[in-house]
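Notes for the one structure printed next.
Residue numbers (the numbering used here), protein chains in the order written: chain A, 279 to 575; chain B, 104 to 488; chain C, 3 to 90.
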C-alpha cells in the first residue's frame, strides 16, 4: 500500500478509547457527532460512556461534554440549552447520550419531565439492555428471559416499551435505530437536528461481554434484531407513525426471521426453554399488531 | 457639610425581599420547584419573568434534584443562575449540591431553612442548611429580612469572583423570615449593576471543547480537592473585601461575624440566623441585670471564621453556643465548630440545643441560660424542651 | 480558549485516551488487498473508528489502536480480511 495516501476523514470520536473490543459505542458516537457538527454539547450520565470518555488526562470526544449524575442528564441538558439560547447560540444542539439505566430507570423522572416541557434537546438512549458499566445487572430495558447477574434465571418481566412511552408524551420526534443500519440512524439524526422541541432516538447497542457473544458479531446481532422484528426501525413525527428501512417489509410476518435466529447467537439466552422462546415470539408478533394499529391511525 | 443619603425602602416579606434581590441581579436561568416555606419566593419570581421585569429562562422542573441539575448545566454554559429550596428538597438535591461544589461552578441558591422529616414538619430549624456544610459551598445566614436581601446580592458577587469560583448558599429562617414583613432598604437597579459586573465564567466553548467533570484518578482527585480547600480558604478575605465594598454602596456594615457588645463581655452567646435578634434583646436585658453579656453572631458559616471566633471569644469567662441543629452521636453542630476553633485555648464552651422543629425560642430562653451559667448551674449540653 | 480556573476537573480531546489499545489484541485483522473491492463496509462498521479510508479509497487499519474485535472480518463481503493470531 502506498504510504503517502492520507485518510479521507478524521473520526469525530477518537480511537484508542476505553470501550471493549466490539463495543459499538465509539462508532455510534462518531456517526452522531459527524451529523450534529461542532456546535454540539454532549451530556453523558453515569454509564459505559462515562468510562469510555476517559479521565482528566484526555477524552475521545471532540465536542464539549458535560458529565452528569446518573439521574440528572435530561435536567442538566435543559439548563444548558436555556443558557445557550440566552447567550445567543440558537443553532447549538444539546444532546443527551444516555444508557438504558440512566434513561428508563433512575433517569426516568427527569426524562419525562424534560419531555413534558418539550425542552429543545435531542435525547439519544443507547440501549445495551442492562446496567453494563457496573457489570451486567438488569434494567427495565433488559428483555424477557435474558441472563444478567441479578437475573441468573432469566428476567421475568418484559422490556419497558420506551419508544412508545416517549411517543405518548406527544413530543415532535421519536425514532428507533440500530447500529447495523448506520445510514438509517444517520438520517434520523439528521432529521432530528432540524426539528425543535424534545426529540428522542432509541438506539440498539449490542454488548459483547454483556450479551455473551464473540466481539466480531456485534453488527450481525444488531442486524438480526431488526430482521427478526424484535427491534423495529420506525419514526414517529408529530404523532404520525412510519416504519423505516427494512422494517417497512416486516408488517407481514413471513418477512420477519424467526426470533430464534437472533436469540441463539447470544449466551444470555442460552438457557431459554422452548416455552420462553414461544413467549418471546408471541410478544414480538403482538408488538407488530400494535404497530399496524398505530400506522392505521 | 451634611450628606443626606436618599434610600429607597420597601415593606417586604423575606421571600419577596430575596426575589427582589434576585431580580436585580439579573440571572439568565432560574429553576423552580416549590416547597414550603419558599413557595411565595418562586411565585414572585414567576411574576417578574412573566411581566418582563426579569428577562430570564425559567425552568419549571419536576423535582429539586432536577432544579440543581438544571442550574448546574446553565451555570456551566455562562449563565448567571438561581434556585431556592428547603428541607426535604435540599436533601433530595444533595447529590447535585456536591456535584456543583466539587466542579466549582458559581451558583447562588437560597435555602429557607426548615426542619427535616421524620417526624414530618414544615417549621423552622437549621438542620437542613447545616447538613450541606461539607459540600464545598460557601454558606451564609441572614438575621433579618434586610440581611436576606443584602446577602443575596453579595452571594452573586462572591461566587463569581475569580479568586473564589464556588457556589454560595444563602440561608434564612423559614416562616420567621420568609413570611415576616420588615422594612427593607433596597439598592437602585443601577447600583446593583455596578456591584455585579457581567459574568465571565463559562466552560462551554465550541472552539475549545472540554469535558467537564470526567473521572479523576486518585492522585488527581486528591489534588483537585486540595485546590478546592484553598479556594475556600481564599474566599474568607474575598468575602470581607466584597462586604466592605457593599458597605460603601449601601451604608450597611457586613463582616464574616457580627460582634454585639462582645468586646468587653465576660459571657458571650454564639448564634447564627434569625434568633440572633432574640439573643441581642437578651444581651441588653442581661446587661441591665449587671451581667457583662455579649453576642458573637456567625454570619458566614462556610468557610468557618475560625480566626474571628478565636479573637472574640478567647478571653471570655464562658461561651454559650445556641444550636438549631444537632449532629446525633456527637453534639450541636455550631458548638462543635466553635469548640474546634478554640482548641488549645481555655475558654469554657457550653452548648444549648433549642428550637428544633420550629419550637419557639424567645429572649427569655437566652436570658435564663446565661443566668444559669453565671450562677454555675449550666451543664455542658442543655436541651431546652 | 477557555480560561479554566486552577484545580477544576476537565479533560481535553485526545487520541488514545486509554493508551495504545492495539496492545489489547490477541488477533490481528490482515487485509488481502487483492480480494478487496473497496466497498468500505469495514470502514463503515469498525466499532472503534480505527479503519481509515484512504484517498485511493482502499481501507487502512490503524494497528496502534485496533483492538482485534473481528467485526471487519465478519462484515467483509469477499472475506478479504483475515483474523490472524497475534500473541506477543
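We put the beta carbon where it would ideally sit given N, CA and C, even for glycine.
Residues of chain E with CB closer than 7 Å to the CB of residue i, please, in chain order.
i	result
residue 498 of chain A	Of the protein chains in the structure, A, B and C, none is chain E.
Round the Cβ separation of residue i and residue j to the nearest angstrom and send it over; I've been treating them as touching at under 8 Å.
i	j	result
residue 116 of chain B	residue 281 of chain B	7 Å
residue 379 of chain A	residue 409 of chain A	5 Å
residue 11 of chain C	residue 206 of chain B	7 Å
residue 486 of chain A	residue 326 of chain A	Contact flag wrong, Cβ pair sits at about 12 Å.
residue 385 of chain A	residue 355 of chain A	No, residue 385 of chain A and residue 355 of chain A are not in contact; Cβ-Cβ is about 11 Å, not under 8 Å.
residue 414 of chain B	residue 454 of chain B	The pair is not a contact, with the Cβ atoms about 21 Å apart (cut-off 8 Å).
residue 519 of chain A	residue 572 of chain A	4 Å
residue 145 of chain B	residue 137 of chain B	6 Å
residue 327 of chain B	residue 304 of chain B	17 Å between Cβ atoms; not a contact.
residue 258 of chain B	residue 273 of chain B	5 Å
residue 34 of chain C	residue 84 of chain C	7 Å
residue 231 of chain B	residue 219 of chain B	6 Å
residue 65 of chain C	residue 24 of chain C	5 Å
So, at 6 Å on beta carbons, what are the nonlocal neighbours of residue i in its own chain, with the 5 sequence-adjacent residues on each side left out?
i	result
residue 456 of chain B	426, 429, 435, 486
residue 236 of chain B	405
residue 559 of chain A	537
residue 151 of chain B	126, 157
residue 370 of chain A	317, 362
residue 372 of chain B	382, 398, 423
residue 528 of chain A	507, 534
Below 8 Å CB to CB, which residues in the same chain sit around residue i once its five sequence neighbours on both sides are set aside?
i	result
residue 396 of chain A	449, 450, 475, 476
residue 433 of chain B	439
residue 524 of chain A	459, 504, 505, 511
Among the residues of its own chain, which have a CB less than 7 Å from the CB of residue i, if the five just before and after it don't count?
i	result
residue 97 of chain B	Residue numbering for chain B in the displayed model covers 104 to 488; residue 97 of chain B lies beyond these limits and cannot be assessed.
residue 199 of chain B	168, 171, 172, 175
residue 421 of chain B	370, 451, 453, 476
residue 483 of chain A	302, 303, 306, 404, 405, 406, 457
In chain A, which residues lie less than 7 Å from residue i when you measure between Cβ atoms?
i	result
residue 23 of chain C	294
residue 175 of chain B	354, 357
Interface residues of chain B around residue i at Cβ under 9 Å?
i	result
residue 3 of chain C	308, 310, 311
By DSSP, does residue i sit in helix, in strand, or in coil?
i	result
residue 119 of chain B	helix
residue 54 of chain C	strand
residue 62 of chain C	strand
residue 456 of chain A	strand
residue 345 of chain A	strand
residue 18 of chain C	coil
residue 321 of chain B	helix
residue 80 of chain C	coil
residue 441 of chain A	helix
residue 363 of chain B	strand
residue 329 of chain B	helix
residue 291 of chain A	strand
residue 540 of chain A	helix
residue 345 of chain B	helix
residue 529 of chain A	coil
residue 451 of chain A	strand
The ligand FMN and residue i: does the residue's C-beta get closer than 8 Å to at least one heavy atom of that ligand?
i	result
residue 121 of chain B	You won't find the ligand FMN in this model; it holds no ligand whatsoever.
Give me the chain B residues within the contact set of residue i, using Cβ-Cβ distance strictly less than 8 Å, ordered along the chain.
i	result
residue 20 of chain C	The contacting residues do not exist; residue 20 of chain C stays about 11 Å from chain B at best.
residue 342 of chain A	306, 307, 308, 309, 312, 313, 314, 315
residue 362 of chain A	180, 307
Give the interface partners of residue i over in chain C, defined as CB-CB distance under 9 Å, in chain order.
i	result
residue 332 of chain A	13, 16, 19, 20
residue 207 of chain B	7, 9, 10, 11
residue 319 of chain B	11
residue 330 of chain B	7, 8, 9, 10
residue 308 of chain A	51
Please list, in chain order, the chain A residues whose beta carbon lies closer than 8 Å to that of residue i.
i	result
residue 67 of chain C	293, 294
residue 44 of chain C	Simply none; closest approach about 10 Å.
Since residue i meets chain B, which of its residues come closer than 7 Å, beta carbon to beta carbon?
i	result
residue 525 of chain A	Correct list: empty, because the minimum Cβ distance to chain B is about 33 Å.
residue 317 of chain A	309
Taking C-beta pairs closer than 8 Å, name the residues in chain C that residue i reaches, listed in chain order.
i	result
residue 494 of chain A	71, 72, 73, 75, 76, 85
residue 335 of chain A	13, 16, 19
residue 284 of chain A	56, 57
Which chain A residues are close to residue i, counting only those with a beta carbon under 9 Å from its beta carbon?
i	result
residue 198 of chain B	347, 348, 349, 350
Complete runs of the beta strand (DSSP E) confined to the stretch 475 to 512 of chain A [at least 3 residues]: 477 to 482
Whole alpha helix (DSSP H) elements within the stretch 386 to 419 of chain A, 4-residue minimum: Listed in chain order, they are 386 to 394.
Complete alpha helix (DSSP H) runs within the stretch 403 to 474 of chain B (minimum length 4 residues, chain order): 409 to 416, 436 to 444
Start-end ranges of the beta strand (DSSP E) lying completely within the stretch 206 to 280 of chain B, minimum 3 residues: 211 to 216, 241 to 244, 271 to 276
Runs of alpha helix (DSSP H) lying entirely within the stretch 295 to 340 of chain A, each at least 4 residues, in chain order: 303 to 314, 326 to 330
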